[in-house]
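A.B. asks: My structure is below; once you've seen it, I'll send some questions.
Numbering (this note's numbering), first residue to last: 109 to 488.
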């Protein structure tokens, strides 16, 4: 299924706040400044990509990931710079493209934003967009971003912004062919087809999914590419993760932070309670990588062998934590887990004669694009 034949491993964060050792919050400014340090630490630990998610909430002060990534770009040399996600629906695609093209230049061509619709509703109210236009906003703006990616004259006549009649976006990116672009999808077949329509790389959110279901989304994506006459694009997926010396410690700590965030969101939206049982089930059978480093490595290796993705990103940074705790998470993923995954995958493929049989993948057909599914995670 993959395009490159090699899986890159990335780390991403939603920018959960920093705490003192006594549990006091250090505030937004220090949290944002430390994200630049975390990006540099991710490169030093050996990760292939570092991503920041756009949010407009008190718990997650990362409303401008492009600015944070510019700081990371200035302190790194190799690591890919990505997002998780960039909320294109409530942004101007031309202005957004110019911002990321600027960071692409600063970084020497390392920017790969993931564009999405957002599952959190705050940016729609904040920037004056009607949530009733949730789907059409993203469709129109992705079409304009795709045109801007060609870095030529823009000709556009849509509903949600003024027409363009040959104007140009500047600067050009440092990447031949324009910025490498991904579309993030949480669980909607329509979103998978849309990504193929605009020849974007596909990034699937693992939260609430199974390998079988993601495989079927990938099959749908490849079929849609052929239908639209597009060249094959890259496939990726994301998981949430937290590492500790024991399974019990990892689950207890991750659940506590997860519970606080989900309770806050649930109160705002009238959602039902997310129980510890739900959390444990996703960790046991899904894509929540909460456990020991060896357990997480074994689980990721299973996913990579089953899905053969070009990129696999782990969200290590939803949690409020001290500086030392966040840097230790980055070190464990980059220096311990990811090298172990590469070792396990290489061993399995060698044993299988070069290509290990996928595990947990059925021959059932791809999901049909017959209705919109609420995104799982901040995706398209």
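Note that beta-carbon positions come from the ideal geometry of N, C-alpha and C, so glycine has one too. Remember, predicted model here, so these are calculated numbers, not experimental data.
Taking the alpha carbon of residue 150 as the reference point, which residue from 111, 118, 163 and 178 has its own alpha carbon closest?
C.D. replies: Here the closest residue by C-alpha is 118.
A.B. asks: Could you check where the beta strand (DSSP E) with residue 424 kicks off and where it finishes?
C.D. replies: Per DSSP, residue 424 belongs to no beta strand (DSSP E) and is neither H nor E.
A.B. asks: Under the rule that 16 or more other beta-carbon atoms within 10 Å means buried, what is residue 372, buried or exposed?
C.D. replies: The residue in question, residue 372, is exposed, as its Cβ has fewer than 16 Cβ neighbours within 10 Å.
A.B. asks: Run through the DSSP bridge pairs and tell me what residue 398 is partnered with.
C.D. replies: According to DSSP, residue 398 bridges with 350.
A.B. asks: Please confirm whether residue 341 and residue 308 have their CB atoms less than 8 Å apart.
C.D. replies: A contact, by the Cβ cut-off of 8 Å.
A.B. asks: Alpha carbon to alpha carbon, how far is residue 336 from residue 349?
C.D. replies: Rounded to whole angstroms, residue 336 to residue 349 spans 35 Å at the Cα level.
A.B. asks: Where does residue 117 sit, in a helix, a strand or coil, going by DSSP?
C.D. replies: Residue state, collapsed to three classes: strand.
A.B. asks: Three-state secondary structure (DSSP) at residue 228?
C.D. replies: DSSP places residue 228 in coil when its eight states are reduced to three.
A.B. asks: Is the distance from the Cβ of residue 189 to the Cβ of residue 218 below 8 Å?
C.D. replies: Going by C-beta atoms, residue 189 is nearer than 8 Å to residue 218.
A.B. asks: Could you have a look at residue 219 and say whether DSSP puts it in helix, strand or coil?
C.D. replies: Of the three classes helix, strand and coil, the one that applies to residue 219 here is strand, per DSSP.
A.B. asks: On the three-state DSSP scale, how would you describe residue 329?
C.D. replies: Residue 329 falls in the helix class under three-state DSSP.
A.B. asks: In or out: residue 248 buried (at least 16 other Cβ within 10 Å) or exposed?
C.D. replies: With 16 or more Cβ atoms within 10 Å of its Cβ, residue 248 is classed as buried.
A.B. asks: Under 8 Å between the Cβ atoms of residue 306 and residue 251?
C.D. replies: For residue 306 and residue 251, yes; Cβs fall inside 8 Å.
A.B. asks: If you measure between the beta carbons of residue 334 and residue 289, is that distance less than 8 Å?
C.D. replies: No, they are not a contact pair.
A.B. asks: For residue 276, report the span of its alpha helix (DSSP H) as first-last.
C.D. replies: Here residue 276 belongs to no alpha helix (DSSP H), and DSSP marks it neither H nor E.
A.B. asks: Is it right to say residue 399 is buried, meaning 16 or more other beta carbons lie within 10 angstroms of its own, or is it exposed?
C.D. replies: Buried.
A.B. asks: In chain order, what residues of the same chain lie with their CB nearer than 7 Å to the CB of residue 193, ignoring the 5 residues before and after it?
C.D. replies: Closer than 7 Å at Cβ, skipping near neighbours: 161, 162, 222, 223, 224, 292, 486 and 487.
A.B. asks: Under 8 Å, do residue 421 and residue 157 count as touching if we go by C-beta distance?
C.D. replies: Going by C-beta atoms, residue 421 is nearer than 8 Å to residue 157.
A.B. asks: If contact is defined by three or more beta carbon pairs under 8 Å, each pair taking one atom from either stretch, is the region 437 to 448 in contact with the region 126 to 140?
C.D. replies: Segments in contact, no.
A.B. asks: In terms of DSSP beta bridges, what is residue 337 paired with?
C.D. replies: DSSP output for residue 337 lists no bridge partner at all.
A.B. asks: Which term fits residue 375, buried or exposed, when burial requires 16 or more other beta carbons within 10 angstroms of its beta carbon?
C.D. replies: The residue is exposed, with fewer than 16 neighbouring Cβ atoms inside 10 Å.
A.B. asks: Keeping to the same chain, check which residues put their C-beta closer than 8 Å to that of residue 510; ignore five residues upstream and five downstream.
C.D. replies: Since the first residue of the chain shown is 109 and the last is 488, residue 510 is not available in this structure.
A.B. asks: Among the candidates 268, 430, 352 and 429, whose CA atom is the shortest distance from the CA of residue 404?
C.D. replies: Checked all of 268, 430, 352 and 429; the closest Cα to residue 404 is 352.
A.B. asks: Let me make sure I understand the geometry here. Which of 211, 253 and 155 has the alpha-carbon closest to that of residue 200?
C.D. replies: Cα-wise, what sits closest to residue 200 is 253.
A.B. asks: Can you give me the Cβ contacts of residue 300 inside the same chain, cut-off strictly under 6 Å, excluding the 5 residues immediately before and after it?
C.D. replies: So the list reads 293, 325, 328 and 329, once near-sequence residues are dropped.
A.B. asks: Kindly list the residues whose CB is nearer than 6 Å to the CB of residue 444, restricted to its own chain and excluding five residues on each side of it in sequence; keep chain order.
C.D. replies: Only 401 meet the Cβ criterion.
A.B. asks: Would you mind sorting residue 464 into buried or exposed? The rule is 16 or more other CB atoms within 10 Å of its CB.
C.D. replies: Note on residue 464: pLDDT 46, under 50, position unreliable in the model; the coordinate value appears next. Answer is buried; the Cβ neighbour count reaches 16.
A.B. asks: Taking the CB atoms as reference points, tell me whether residue 109 and residue 343 lie closer together than 8 Å.
C.D. replies: Yes; because the gap between Cβ atoms is below 8 Å, this pair is in contact.
A.B. asks: Specify the secondary structure class of residue 366 as computed by DSSP and reduced to three states.
C.D. replies: It is helical.
A.B. asks: Under 8 Å between the Cβ atoms of residue 148 and residue 180?
C.D. replies: A contact, by the Cβ cut-off of 8 Å.
A.B. asks: Quick one: what does DSSP say residue 179 is sitting in, helix, strand or coil?
C.D. replies: In this structure, residue 179 counts as helix in the three-state DSSP scheme.
A.B. asks: Please state whether DSSP places residue 123 in a helix, a strand or coil.
C.D. replies: In the structure shown, residue 123 sits in coil (DSSP, three-state: anything other than H, G, I, E or B).
A.B. asks: Only counting runs of 4 or more residues, tell me where the alpha helix (DSSP H) segments fall wholly within the region 242 to 316, in order along the chain.
C.D. replies: The region 242 to 316 contains these whole alpha helix (DSSP H) runs: 242 to 256 and 297 to 305.
A.B. asks: Can you tell me the Cα-Cα spacing of residue 331 and residue 278, whole angstroms?
C.D. replies: Taking the straight line from one Cα to the other gives about 35 Å.
A.B. asks: Under a three-way DSSP split, which group does residue 440 fall into?
C.D. replies: Helix.
A.B. asks: Assuming residue 387 and residue 347 form a contact by the criterion Cβ under 8 Å, report the distance between their Cβ atoms to the nearest whole angstrom.
C.D. replies: Wrong, their Cβ atoms sit about 14 Å apart, outside the cutoff.
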